[in-house]
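What follows is one structure encoded as structure tokens, with my remarks underneath.
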Amino acid sequence: DAGVTQSPTHLIKTRGQQVTLRCSPKSGHDTVSWYQQALGQGPQFIFQYYEEEERQRGNFPDRFSGHQFPNYSSELNVNALLLGDSALYLCASSLPQGFGNTIYFGEGSWLTVV
Amino acid sequence: ILNVEQSPQSLHVQEGDSTNFTCSFPSSNFYALHWYRWETAKSPEALFVMTLNGDEKKKGRISATLNTKEGYSYLYIKGSQPEDSATYLCAFGGGADGLTFGKGTHLIIQP
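Chains A and B are the protein sequences, given in the same order.
Under this note's numbering, the residue at position 108 of the first sequence is numbered 93, and the numbers go up by one with no gaps.
Under this note's numbering, the residue at position 41 of the second sequence is numbered 99, and the numbers go up by one with no gaps.
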């Protein structure tokens, strides 16, 4: 049973460019969340998708957008990249909001903006 | 803004010794408390999800307790082994608002 898979593993982009990161949830999971981890910080919640809709968003600007496909996989898009967007981006999947559901994480995508 | 604090920030422990560290979180509107173990270049590994005040959970040599009334959880590791070296993260929440993480406790086990 494959866990949460993310691609690409590493990428380098230039300021002002756009990036798309991809995530396949754990088998049977239909809820996908994205997190950003900057150096020295814990992961920060970006947004959550369920039934192809964004349910909630953390404190991130509109440059961060996402999508969920009918097969529950998801993309995170970041436009107009800034140097401060350099971070590890983690995808997490779970069953729908439920009391005490385990949330599983992928290994992340390392984004460097130069 | 939710605030989740973990202490200590880092910890060096001799192999074979037992250790523990703390996670503090808001005591109001409690939903769930998650513990993760995160090794470099791997995905965070879910250890426990704790939902009830007084919960105690155990997985091998690792156990955790939860006090929702005062807003803290302890993680215990008994008889530390080198493979226990990792960053241990706690996270509050887990509903549609996602998880709010602490900065983690970086544990190093010295042979």
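In this text, a Cβ means the ideal position worked out from N, Cα and C, and glycines have one as well.
For the beta strand (DSSP E) containing residue i, name the first residue and the last one.
{"i": "A/Gly51", "result": "49 to 53"}
{"i": "B/Arg95", "result": "91 to 96"}
{"i": "A/Arg0", "result": "First-last for A/Arg0: undefined, no H or E at that position."}
{"i": "B/His164", "result": "163 to 168"}
{"i": "A/Asn62", "result": "59 to 63"}
{"i": "A/Gln21", "result": "16 to 22"}
{"i": "A/Val98", "result": "94 to 98"}
{"i": "B/Thr158", "result": "156 to 159"}
Counting only beta-carbon separations shorter than 8 Å, does residue i have a partner in chain B?
{"i": "A/Tyr57", "result": "no"}
{"i": "A/Gln33", "result": "yes"}
{"i": "A/Arg7", "result": "no"}
{"i": "A/Ile(-3)", "result": "no"}
{"i": "A/Arg40", "result": "yes"}
{"i": "A/Phe92", "result": "Contrary to the premise, residue 92 of chain A reads as Glu rather than Phe in this sequence. Chain B, which has a Cβ nearer than 8 Å to the Cβ of A/Glu92, makes this yes."}
{"i": "A/Tyr89", "result": "yes"}
Between residue i and chain A, is the shortest Cβ-Cβ distance under 8 Å, so that the two count as touching?
{"i": "B/Val71", "result": "no"}
{"i": "B/Thr123", "result": "no"}
{"i": "B/His92", "result": "yes"}
{"i": "B/Ser131", "result": "no"}
{"i": "B/Leu60", "result": "no"}
{"i": "B/Ala154", "result": "yes"}
Assuming residue i and residue j make a contact with CB atoms under 8 Å, what is their CB distance in whole Å?
{"i": "B/Leu69", "j": "B/Phe150", "result": "Contact doesn't hold; Cβ gap of about 21 Å is too wide."}
{"i": "A/Glu60", "j": "A/Thr(-6)", "result": "Their Cβ separation, rounded to whole angstroms, is 16 Å, which puts A/Glu60 and A/Thr(-6) out of contact at 8 Å."}
{"i": "B/Cys148", "j": "B/Trp96", "result": "The Cβ separation is near 11 Å, so there is no contact."}
{"i": "B/Val107", "j": "A/Gly85", "result": "5 Å"}
{"i": "B/Ala90", "j": "B/Thr109", "result": "5 Å"}
{"i": "B/Ile135", "j": "B/Ser76", "result": "6 Å"}
What residues from chain A crowd round residue i, counting only those whose CB sits closer than 8 Å?
{"i": "B/Lys161", "result": "Gly25, Gln26, Gly27"}
So which residues of chain B does residue i contact, with C-beta pairs closer than 9 Å?
{"i": "A/Val(-11)", "result": "Ser101"}
_Every unbroken beta strand (DSSP E) inside the region 72 to 143 of chain B [3 residues or more]_ = Within the region 72 to 143 of chain B, the complete beta strand (DSSP E) runs of at least 3 residues fall at 77 to 82, 91 to 96, 103 to 108, 114 to 117, 120 to 125, 130 to 135.
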